[in-house]
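Numbering (our numbering), first residue to last: 4 to 356.
Take a look at the structure set out below.
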């Protein structure tokens, strides 16, 4: 446990700055990020003060229910929030480079400017959730990978196609020269996902954001894709932000885990701490709702209630209406993210009194 004393919730003290989840040698830091969508029916606050750190050559798992803000956080990093109606309303997204110039704040860059276009795909790449809709059905696989290579590496078409063929071979696609000439609809779901990985890694990015990379794939293909990503991470020395609702994927891939609920990080820590000593009631609920192979008679416990709307003005903890341990203070004040033990943070009044 941490040596820093935790003040009781009812003691009036000067509130310290919320700690940022840490990792050795950070390559990406997200600080107090807020992203909202301004609609006719009101303001949807999709991301509400997210703090995250992605370490070099490490994997961060971002988990939570659908609609909790995982993908919006990733698209905010890539500066792919469509405006209007979306807008980053606050915070910093710091990209650390190895050139000695210090971090660059992506929030301050023009999302359509030359520097952000270079970073997007060149330094930070993203594997989107649906490869069939992410790949252009009108162009061959070879053309799509070669276009990305030419854009970021300033090489000729022949060199770019050679790089595309090399990457298809690296992601273990058979007959890569033939696949270059094929269109997305001619490939299976697993092969299209491999193409997306090849496309993302074709320019040697330092960060790979994978948004539900194994969704809609059968379990055998899922295992192959995860093995492939681990091998390629070692080969390319890249860092991975893995967005998923599948806790099994997180347990296999991640070094650290951030659990999100209604646009906020409610728990963060090493993967073993999250799975063996979950601190937040929401994290405990997620783990209790997952069947465990070989444990006969285990009763699955659902999380009662519904997630509040992100457009609601919520007072107190957003999970209070669903929490089995709710207290009076939970309905009055939103708990900050604080250290529970070394490197393990939680936003829950149960651990702060």
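The C-beta atom is built at its ideal place from N, Cα and C for all residues, glycine as well.
Residue range of the beta strand (DSSP E) that includes residue i
i, result
"residue 37", "29 to 42"
"residue 347", "347 to 349"
"residue 214", "210 to 214"
"residue 335", "Looking at the DSSP string, residue 335 is not in any beta strand (DSSP E), and its letter there is neither H nor E."
"residue 342", "341 to 344"
"residue 176", "Where residue 176 is concerned, there is no enclosing beta strand (DSSP E), given that its DSSP letter is neither H nor E."
Candidates the options: closest to residue i by CA position
i, options, result
"residue 195", "143, 37 and 295", "143"
"residue 205", "192, 212 and 171", "171"
"residue 87", "132, 52, 46 and 118", "46"
"residue 209", "197, 250, 52 and 100", "100"
"residue 174", "131, 202 and 41", "202"
"residue 199", "55, 232 and 221", "232"
"residue 334", "345, 40 and 316", "316"
"residue 54", "73, 112 and 230", "73"
"residue 63", "92, 29 and 81", "29"
"residue 304", "280, 191, 60 and 285", "285"
"residue 92", "218, 34, 191 and 354", "34"
"residue 280", "81, 308, 343 and 215", "343"
"residue 81", "61, 70, 299 and 111", "111"
"residue 148", "168, 270, 120 and 345", "168"
"residue 78", "128, 177, 230 and 44", "128"
"residue 52", "120, 353, 160 and 96", "96"
"residue 75", "115, 217, 131 and 137", "131"
"residue 56", "346, 352, 354 and 351", "346"
"residue 186", "114, 354 and 145", "145"
"residue 1", "336, 353 and 191", "What is shown of the chain runs 4 to 356, which leaves residue 1 out entirely."
"residue 193", "165, 207 and 230", "230"
"residue 273", "166, 58 and 332", "58"
"residue 207", "166, 217, 197 and 309", "166"
"residue 176", "227, 217, 220 and 137", "227"
Counted within 10 angstroms of its Cβ, other Cβ atoms place residue i as buried (16 or more) or exposed
i, result
"residue 295", "exposed"
"residue 322", "buried"
"residue 213", "buried"
"residue 349", "buried"
"residue 25", "Residue confidence is low: residue 25 scores 47 on pLDDT, short of 50, so the model does not pin down where it sits. Its coordinate-derived value is still stated next. By the neighbour-count rule (16 or more Cβ atoms within 10 Å), residue 25 is not buried but exposed."
"residue 67", "buried"
"residue 338", "buried"
"residue 108", "exposed"
"residue 188", "exposed"
"residue 184", "exposed"
"residue 49", "buried"
"residue 244", "buried"
"residue 140", "exposed"
"residue 61", "buried"
"residue 32", "buried"
"residue 282", "buried"
"residue 181", "exposed"
"residue 267", "buried"
"residue 151", "buried"
"residue 340", "buried"
"residue 275", "exposed"
"residue 269", "buried"
"residue 225", "buried"
"residue 293", "exposed"
"residue 307", "exposed"
"residue 351", "buried"
"residue 161", "exposed"
"residue 215", "buried"
"residue 69", "exposed"
"residue 222", "exposed"
"residue 117", "exposed"
"residue 361", "Limits of the chain in this structure are 4 at one end and 356 at the other, which puts residue 361 out of reach."
"residue 336", "exposed"
"residue 302", "exposed"
"residue 159", "exposed"
"residue 6", "Bear in mind that a pLDDT of 38 at residue 6, under 50, signals an unreliable position, so the model cannot answer this."
Range covered by the alpha helix (DSSP H) that runs through residue i
i, result
"residue 165", "160 to 173"
"residue 277", "274 to 279"
"residue 254", "250 to 256"
"residue 198", "192 to 204"
"residue 228", "222 to 239"
"residue 180", "179 to 182"
Restricting to runs no shorter than 3 residues, where is the beta strand (DSSP E) found entirely within the segment 45 to 88? 45 to 58 and 62 to 66
With a threshold of 8 Å, are at least 3 pairs of Cβ atoms found where one atom belongs to the segment 281 to 290 and the other to the segment 261 to 272? yes
If we require 3 or more residues per run, which beta strand (DSSP E) segments fall completely within the segment 83 to 159? 89 to 98 and 127 to 130
With a floor of 3 residues, list each beta strand (DSSP E) that falls wholly inside the segment 263 to 333, ordered by position along the chain. 267 to 273
Check whether the segment 72 to 89 touches the segment 326 to 334, counting contact only when three or more Cβ pairs, one atom from each stretch, lie closer than 8 Å. no
Should the segment 150 to 167 be called in touch with the segment 121 to 128, which here means at least 3 C-beta pairs below 8 Å? yes
Are three or more beta carbon pairs between the segment 33 to 48 and the segment 239 to 257 nearer than 8 Å? no
Below 8 Å, how does it come out for the segment 303 to 313 and the segment 233 to 244: are there three or more Cβ pairs, yes or no? no
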